[in-house]
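Numbering (our numbering), first residue to last: 89 to 519.
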C-alpha cells in the first residue's frame, strides 16, 4: 500500500511539473487576430461609425470602418450593436503605490522613482480596468514642491509587473504648489511654510540645477579640448533629474489650484526655460484660461469637486468647458481609486455643465489625457496603427447606464463581464 501511495505521489508531482513547465513555456498571451464587428465605433477623432468593425492584428488596430475584412482565422467578437470606445486614460492616479505616494522628508525629491513603489498586484488596477480604464499615470504625491518621477501603466491585471509598464512612454515629474507643501513642512517648522517659501524652495533648486549643468558643460568642454587633467563633477541624482527638467527631458505635471499660482508656475517655467505639460486639479483655470491656451498648457481637472479645502472654494462645474472653449486641452482625471471606475460618468457631467458635445466629453478621458501623458500617438482614439486598447460597453458610455462589457488591451481581452467570478481571463490566484 505504501509503495502504491509513493508511486501516486510521484505521479502527481510529475503532473505538477508538467503544468508549471507548460505555463512557463507559454509566456505572455499571444496576440491573435481579432475582428470586432457590429459596433457603434466611437473613434473620438473621426466621428462615429454605425455598424462598424475594427480589425486587430498583433495587438494593433489594422482597420476601422463599415466594410472591414479579416482572415477566416480571426477571432470574431460580435458587439451586438453596442458602443465601442478607446480605453479610458487616467492622467492623474496614485493607485498601486501603497503608502509610498509621498517622500515627505524633503521638499525637493526629483530623484524618487514611482516605479520603485509600484505594486502590480494592487486590486485597484483591476477596479479601474473593470471601469474601462486601460492606461494610468501614477504620480508622486503633492507633499513636495518638486516630487518624484511618475510611472505609466497599462491595466493588464494578472500580467507580470514589467508587462504592465507602458513601453516607450515618456517620463513625467510631479511638481506641487499651494497648501500641501507649506502645510507638510510648515508643520515641521521648516522651509517652506508659506507660498513665498514654496516658490523660493523651487527656484533655489532650479538654480542649483543650472549650476550643476554648467559644471558638467565646463568639464565636457575641457575633455573635448584634450585636457587630461579635467576632473568630472560629482554625480548627484537629485540635480541630474532637475537638469533633465531644464533640458526638456521630463514632462512637468504640476499640482496647482489657484489662478495666481498657475500664473506664477508658468512664469517660473519661462524664467528657467522648461515647459509645463499640464496643471492638475487646476480648479481656477477658468479665470486664466486665455493664458493657459496661449502657452499650450493642458489641465487635468475634476468635473465638479468643490469646497473640500481652501483652494477649492472657487471651483465651479463649468471649469472644464469654459477652459476648453478658450482653447485649453482639458482632461477629466480621477485622483481617486473610487472615481477611476466612473470616469465615463465624470466626463459626461461636462455635457450637463457647459454643454460639451459627445465627442468633446469623450476626448477628456481619452485623447486629451493621452497627450498629457505623452502617449497620444499610441492610444486615446480608434485609429489604424494605434494600440488596440478598446472597451465594449453595455449601455451608452457617457451615462450612468454605461458599463464595460469587455476591455481589450493590446488586442487581448483583460476583462470580460460575462466570465464567472470577476471576469479576469489572465488572473490566477497567487501568481
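For every residue, glycine included, the Cβ atom is placed at its ideal position computed from N, Cα and C.
Taking C-beta atoms under 8 Å as the contact rule, residue 304 and residue 280 fail to qualify, at a distance of about 28 Å. Counting only runs of 4+ residues, the alpha helix (DSSP H) found wholly inside the segment 228-281 occupies 249-252, 267-274, in chain order. Per DSSP, the continuous alpha helix (DSSP H) segment holding residue 461 begins and ends at 455-461. The C-beta separation of residue 226 from residue 179 comes to about 11 Å, leaving the pair out of contact by the 8 Å criterion. For residue 371, the secondary structure class from DSSP, reduced to helix, strand or coil, is coil. Under a 10 Å Cβ-count criterion, residue 335 is classified as exposed, with fewer than 16 other Cβ atoms of the shown protein chains found around its own Cβ.
Bridge pairing for residue 481: 171, 492 [DSSP].
According to the DSSP assignment, residue 140 belongs to the beta strand (DSSP E) that extends over 136-145.
Residue pairing by DSSP places residue 402 opposite no residue, since no beta bridge is assigned to it.
The C-beta distance from residue 195 to residue 237 rounds to 16 Å, too long to fall under 8 Å, and the pair is not in contact. One thing to note: residue 143 has its Cβ no nearer than 9 Å to the Cβ of residue 167. Going by beta carbons, residue 121 and residue 154 fall outside the 9 Å limit. In terms of CA proximity to residue 366, 264 leads the group 312, 507, 264. Three or more beta-carbon pairs separated by less than 8 Å link the segment 478-493 to the segment 424-439, which places the two stretches in contact. Between the alpha carbons of residue 186 and residue 406 lies a gap of roughly 33 Å.
Among the bridge pairs identified by DSSP, residue 410 is matched with none. Excluding residues up to 5 positions away in sequence, 174, 175, 222, 223, 242, 467, 496, 497, 498 lie with their Cβ nearer than 8 Å to the Cβ of residue 477 in the same chain. One alpha carbon belongs to residue 188, the other to residue 201, and they sit about 11 Å apart. Counting every other CB atom within 10 Å of its CB across the protein chains shown gives residue 382 a total below 16, marking it as exposed.
Nearest neighbour of residue 401 by Cα position, chosen from 307, 262, 347, 459, turns out to be 347. Nearest in C-alpha terms to residue 216, of all of 517, 345, 507, 453, is 453. The segment 312-340 is shown to contain whole alpha helix (DSSP H) runs of 4 or more residues at 325-335, in chain order.
Taking a 10 Å sphere around the C-beta of residue 398, we find fewer than 16 other C-beta atoms and assign the residue as exposed. Here residue 388 is buried. Its C-beta has 16 or more other C-beta atoms within 10 Å.
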